[in-house]
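Worksheet for the structure shown next.
In the numbering used here, the protein residues as written are 86 to 288.
Written out as structure tokens, the structure reads:
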């Protein structure tokens, strides 16, 4: 009878090219099988944690490519250099500009460096400009070991904080001002302070 092949339970001739009318051939059962444990948030494509992790990896790779392992940080300016020397910050050398106009801060920096047996180098202004990356050095530059900073993305994952308080700074070159800001952020329960790599006071 015409159309009987469409009825449930109807038989089809051997050799037909059409597939089974009834049943899924086990495909539905396969679709119900588990796909394994849920991946971590940082491993899921499109998840905010995954985007932060990817950004952190890129930033670390960029920093590593720009700075060699034996690189040193520098402190610029008369007040920052004198304050660091007074505080006993470990430093490797003091650079003084040739023919610089001396004042009490320059003399004190040179005296402290000499008392500590620290290398004291007198260099042209062009050399200080190069070492400071164009920053305002006022004729004094102090080389210190690099501080172990973290990436901004790491501050977003502060344990126990769904909305971490992060303060971003720009153009703060006086370490005393930076210290006051850091203490204020800590007093308010902040997660961290973001500072530029150049033209900024360092920790």
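Backbone N, C-alpha and C define an ideal beta-carbon position, used for all residues, glycine too.
Residue 198 versus residue 169 - alpha carbon distance: 11 angstroms
Subject >> For residue 306, three-class secondary structure by DSSP >> reply: For residue 306 there is no data in the structure shown, the boundaries of the chain being 86 and 288.
Where does the unbroken beta strand (DSSP E) through residue 160 begin, and where does it stop? 158-161
* Asked: Less than 8 angstroms separating the beta-carbons of residue 286 and residue 263?
  -> yes
**Item:** Three or more C-beta pairs below 8 angstroms linking the region 269-286 and the region 234-242
**Value:** yes
Through-space distance from residue 191 to residue 213, alpha-carbon basis
15 angstroms
Give me the residue from 215, 179 and 217 with the minimum Cα distance to residue 203. 179
Helix, strand or coil: how does DSSP classify residue 153 here?
Residue confidence is low: residue 153 scores 40 on pLDDT, short of 50, so the model does not pin down where it sits. Its coordinate-derived value is still stated next. If DSSP states are grouped into helix, strand and coil, residue 153 belongs with coil.
Sequence-distant residues of the same chain with beta carbon closer than 8 angstroms to residue 261, five excluded per side:
164 and 168
Which residue comes first and which comes last in the alpha helix (DSSP H) that contains residue 266? 260-272
Relative to the alpha-carbon of residue 211, which residue among 139, 226 and 241 has its alpha-carbon at the smallest distance?
-> 226
query: Looking at the unbroken beta strand (DSSP E) that takes in residue 130, where does it start and where does it end?
result: Residue 130 -> no beta strand (DSSP E), and no H or E assigned at all.
- Task: Would you mind stating whether residue 174 and residue 207 have Cβ atoms separated by less than 8 angstroms?
- Result: no
Which same chain residues, not among the five before or five after residue 139, have their C-beta less than 7 angstroms away from its C-beta? none
| said: According to DSSP, is residue 211 part of a helix, a strand, or is it coil? | reply: helix
Please confirm whether any heavy atom of the ligand SAH lies closer than 7 angstroms to the CB of residue 196. The model depicted lacks the ligand SAH and carries no ligand whatsoever.
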